[in-house]
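Here you go:
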């Protein structure tokens, strides 16, 4: 007679510090007595966010290291039946373009009205990095860069008054600056580590007020931008941290009231949809199938805000939808499935309707990367490679170089493995 399966008994978890010491936690609130006796700062009993001891730039990273203790199942369906909520020359080009484009952006930072808080203690170095974010990073995160750019007019005033947002912004700027100049990486890494420590101190996010919760989520979003800037392999960690934080505060619905909350929700939707294929093929497929339309919320916002640019925004939406279709087509096939050259040709023909440098062209990096991954002819491959190189020359975001490296691997794949399975391997966010 087969042995009866033992019923599942959920494990009662104590604090992170006791788990590391491998002792039974007494779970005394707000901090356990076993930590107090040893003089250890107790992190409590909320979501535990763990990271690598050091931050790697452009390295492959450890496959199974440093994941959050809260499992991905918190925010991702287990199956699809349930809906859940040549650089040196390019550096010279980037250095010369920074002061000439987006003249308006240099004035926005000087007209900010920071809230009381950190503003009186901001150093000249920090002021420089805030302005750098305004001029070189914020414009890349929107289709139309003007006074409505939330990455400037919402993020930067909050950075003046909130340390956790400030450190995330400073880290993003420092990484971009170090990639351009070839120096200052140590400073950028320290700023990133400081931002992570601030997040860890707020790991029990559901015990904070709504304003603090918003600031924590905003800081995580800015860190995701920082990982795009330097092409780091920490993307799965920070992406999962975002998902766990949203789950801990009760889901997306809490971000429905107020201008900042709506801005956060648009960015969450966008990064969730476009980040999912770089987590796993299953997550990418389910997210695009059931939450894919959420990724268009930003475009819907632009449609209402800029009716004069309706045709351009519609074309961008069309290209993104085509990229969705290409990914889902390839993911639905086994290894060695037939190429969808006609889908890639249609995408290329639509993109060619947008002149080089036209409105929103830079916002199609994710879509063009997906189309490039499906490209089989030398003409198509060269077309998309040139597009990505052009965008790297514009933005200097190192994740684009990682995208080009990944495309080389996909094209040299001797086993003809489905490329949607290969996207998560570098652990980089390409958007």
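Numbering (this note's numbering), first residue to last: 17 to 447. Idealized CB from N, CA, C, for every residue including glycine.
- Where residue 303 is concerned, the enclosing alpha helix (DSSP H) starts and stops at 297–306.
- Boundaries of the alpha helix (DSSP H) harbouring residue 287: 275–291, taken from the DSSP string.
- Around the beta carbon of residue 269, fewer than 16 other beta carbons sit within 10 angstroms, so the residue counts as exposed.
- In the structure shown, residue 137 adopts helical secondary structure according to DSSP, grouped into three states.
- As the crow flies, the alpha-carbon of residue 351 is around 28 angstroms from that of residue 247.
- DSSP places residue 369 outside any alpha helix (DSSP H), giving it a letter other than H or E.
- Judged by DSSP in its simplified three-state form, residue 44 adopts coil rather than helix or strand.
- Scanning its chain for C-beta atoms nearer than 8 angstroms, with the 5 sequence neighbours on each side dropped, one finds around residue 279 the residues 166 and 170, in chain order.
- In this chain, the alpha helix (DSSP H) harbouring residue 202 covers 201–216.
- DSSP places residue 326 inside the alpha helix (DSSP H), whose first and last residues are 326–347.
- Judged by DSSP secondary structure, residue 401 falls within the alpha helix (DSSP H) whose first and last residues are 394–411.
- Non-local C-beta neighbours of residue 154 in its own chain, meaning closer than 6 angstroms and more than five positions away in sequence, comprise 165, 167 and 168, ordered along the chain.
- Rounded to whole angstroms, the Cβ separation of residue 332 and residue 265 is 31 angstroms, and the two are not in contact under 8 angstroms.
- In this model, residue 51 and residue 216 are separated by some 17 angstroms (Cα to Cα).
- DSSP places residue 230 in the uninterrupted alpha helix (DSSP H) bounded by 226–246.
- 9 angstroms or more divides the Cβ of residue 192 from the Cβ of residue 138.
- One Cα belongs to residue 150, the other to residue 413, and the distance between them is close to 15 angstroms.
- Counting C-beta atoms within 10 angstroms of its own C-beta, residue 186 has 16 or more neighbours from the protein chains shown and is therefore classed as buried.
- By the criterion of a C-beta distance shorter than 8 angstroms, residue 231 is surrounded in its chain by 174, 178, 180 and 181, once the five residues flanking it on both sides are discounted.
- Relative to residue 335, the option among 400, 385 and 366 whose CA is nearest is 366.
- Counting only residues of its own chain and dropping the five nearest sequence neighbours on each side, residue 322 has a CB closer than 8 angstroms to the CB of 160 and 329.
- Spatial neighbours of residue 272 in its own chain (CB-CB distance under 8 angstroms, excluding positions within 5 residues in sequence) are listed in chain order as 278 and 281.
- Residue environment for residue 141: exposed (fewer than 16 other C-beta atoms within 10 angstroms of its C-beta).
- In this structure, residue 317 lies away from residue 386, with their beta-carbon atoms at least 9 angstroms apart.
- In the DSSP assignment, residue 169 falls within the unbroken alpha helix (DSSP H) covering 166–169.
- Separation of the CB atoms of residue 443 and residue 184 is rounded to 19 angstroms, and the pair is thereby denied contact status at 8 angstroms.
- Secondary structure of residue 377 (DSSP, three-state): helix.
- The closest CA to that of residue 364, considering only 433, 376, 398 and 306, is found on 398.
- The beta carbon of residue 437 sits closer than 7 angstroms to those of 297, all from its chain and outside the five residues before and after it, given in chain order.
- Contact annotation: residue 346 and residue 389 have beta-carbon atoms nearer than 9 angstroms.
- For residue 259, the enclosing alpha helix (DSSP H) begins and ends at 251–264.
- Where residue 182 is concerned, the enclosing alpha helix (DSSP H) starts and stops at 179–197.
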